[in-house]
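Q:
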Amino acid sequence: MSEEILINVTPRETRVAVVENGMLQEVLIERSSRRGYVGNIYKGRVQRVMPGMQAAFVEIGLERAAFLHASDILRPPPAAVASEGEAEPPPAPVPTPPISELVHEGQEIVVQVVKDPIGSKGARLTTQLSIPSRYLVLLPHSKVVGVSARIEDEAERARLKALLAQCAGASTMGYIVRTNAEGQGAEALAEDVDYLGRVWELVRANSARTPVGGCIYEDLSLPLRALRDLMHDGVEKVRVDSRETFDKILLFARQFMPELAERVEHYPGERPIFDLYGIEDEIQRGLQKEVPLKSGGHLIIDQTEAMTTIDVNTGSFLGQRNLEETVFRTNLEAAQAVARQLRLRNLGGIIIIDFIDMTDEDHRRQVLRTLEKALAHDHAKTTVYDFSPLGLVEMTRKRTTESLARQLCEPCHECGGRGMLKTAETLTYEIFREITRAVRQFDAQRLLVLAAPKVVNKILEEESAAVAELEEFLGKSIRFQADEQYSQEQYDVVLL
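Residues 1357 to 1852, numbered by my numbering, are exactly what the sequence shown covers, in order.
Structure (structure tokens):
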């Protein structure tokens, strides 16, 4: 599989595109006016404790107070009792104490953002700090040593754990080995342990002198973060269209991944790099509800506040054999398309997929396996459940930032975010009611109605008899005037 990372830099916005086999898979966007907060560490102050929610709201200097749940507050692990010569038993799970026992209003607290503000919700916080590097994640308040579940080979997991124990030495802090570490040697892990140690000392020093609401530690900028998190042996090249950003990335690569530094290239071309790869068109398609499938079928994707629903339709695909075969082939293609769209659109939370009904149990299993296999390339954690009794597939995808649509778009001012407009016929009768209401409330001989051309044309061409009846009933003269400045649902009834 051929994979490239493209980085487009403009003065106020940076975009990163992950392209696999010539097809866009993922887009990351960072604007200087609105950088993400995930990974940043702040000194906060508890603003309000909410016992009924088992949570507290913490002021960290952002527009809205952030949310800290009791389960995300670090507590010292219970002491385990072990007889001499025996292995220490794993600690039993301890129920979360009431939030009022963990924090109190006015308390200063060091917290880390784990989820950006989304919609009307504030950022989500934790006191269980973690600092990532190229191959490791440092857990300064833990003694856990773990390996990413994506590294499945047991021998490799054991090797990495042994190397980490050797590199960390007598460290009292915990570490998680990231997927990128697969196949790496002791030297690479030792460099990361040293780097994380220096970062943690800086965080500790900053914690003491940073005022409440101040940022103690800020995660890397998007280009460096993309290199840290997305670069691996399978990436053929990283192309950057800014000389200044290229120099920074190259320096970072030579310091932390020297064996891959030669794959970083500066793109000096006149034609925009995203145009060269067709990325701009793909982003536009990623904002549309309908996604065509090569077979002739299509997906309909609806993102709501509570969940995202994806409907699979056969469209014009008739298949070669019978209906069941047609449905099966369409669903197989749809499963792969769904996995790509979730990643491309950065859709998270609860996702419901309505595949076309299949009667064959084996077909259902194959479609589910295809979906799970396609999701294996996703960097976000996903969980897929079996078909429900209604034939729906429920899944979750970890969400830390806004979706692509919500980063690039805003609710429609014409329809108020409903996604639909009232018809001209509906507005006609609404205007008639408003005229009646106005005449009964105020004294006027004549009325002028200003509305959108489509609505006025509807009234004058198809409802002229109704207007005449209304004038006779009210004993008033009514005039209609089209105004191009009015949106379809906008109108004014003026008393003359």
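Yeah, the Cβ is synthetic: ideal placement off N, Cα and C, and Gly gets one too.
(1) Can you give me the Cβ contacts of residue 1834 inside the same chain, cut-off strictly under 7 Å, excluding the 5 residues immediately before and after it?
(2) Could you check the C-alpha separation between residue 1561 and residue 1656 for me, to the nearest Å?
(3) What residues match up with residue 1530 in a beta bridge as DSSP calls it?
(4) So what's residue 1488 in DSSP terms, helix, strand or just coil?
(5) Return the chain-ordered ranges of every alpha helix (DSSP H) run that is complete within the region 1777 to 1808 and spans a minimum of 4 residues.
(6) Using the C-alpha atoms, what's the distance from residue 1706 back to residue 1450?
(7) So, for residue 1556: in the same chain, excluding its five sequence neighbours on each side, which residues have a beta-carbon less than 8 Å away from its beta-carbon?
(8) With distance defined between alpha-carbon atoms, name the residue in 1597, 1603, 1654 nearest to residue 1626.
(9) How should residue 1769 be labelled, buried or exposed, when 16 other C-beta atoms within 10 angstroms of its C-beta is the threshold for buried?
(10) Would you tell me roughly how many angstroms separate the C-alpha atoms of residue 1696 and residue 1589, rounded to the nearest one?
(11) Using DSSP's beta-bridge definition, name the partner residues of residue 1622.
(12) When the Cα of residue 1423 is compared with those of 1629, 1457, 1465, which residue comes out closest?
(13) Alpha carbons only, please: which of 1829, 1634, 1401 is nearest the one belonging to residue 1462?
(14) Could you give the residue range of the alpha helix (DSSP H) that holds residue 1694?
(15) Can you give me the start and stop residues for the alpha helix (DSSP H) that residue 1719 sits inside?
(16) What residues in its chain sit with their C-beta under 7 Å from that of residue 1411, if we drop five residues either side in the sequence?
(17) Whole angstroms are fine: how far does the CA of residue 1648 sit from the CA of residue 1713?
(18) Mapping DSSP to helix, strand and coil, what is residue 1648?
(19) Mapping the DSSP letters down to three states, classify residue 1764 as helix, strand or coil.
(20) Quick one: measure Cβ to Cβ for residue 1853 and residue 1807, integer angstroms, because I've assumed they're closer than 8 Å.
A: In short, the structure shows the following:
(1) 1791, 1803, 1805, 1823, 1826, 1827
(2) 51 Å
(3) 1495
(4) For residue 1488, the secondary structure class from DSSP, reduced to helix, strand or coil, is strand.
(5) 1780 to 1797
(6) Cα to Cα, the separation comes out at about 28 Å.
(7) 1487, 1494, 1496, 1529
(8) 1597
(9) Result: exposed.
(10) 21 Å
(11) 1596
(12) 1465
(13) For residue 1462, the nearest C-alpha among the options comes from 1401.
(14) That run of the alpha helix (DSSP H) goes 1679 to 1701.
(15) Where residue 1719 is concerned, the enclosing alpha helix (DSSP H) stretches over 1717 to 1731.
(16) 1423, 1424, 1425, 1426, 1455
(17) 19 Å
(18) strand
(19) helix
(20) Residue coverage of the chain in this structure runs from 1357 to 1852, which leaves residue 1853 outside it and unanswerable.
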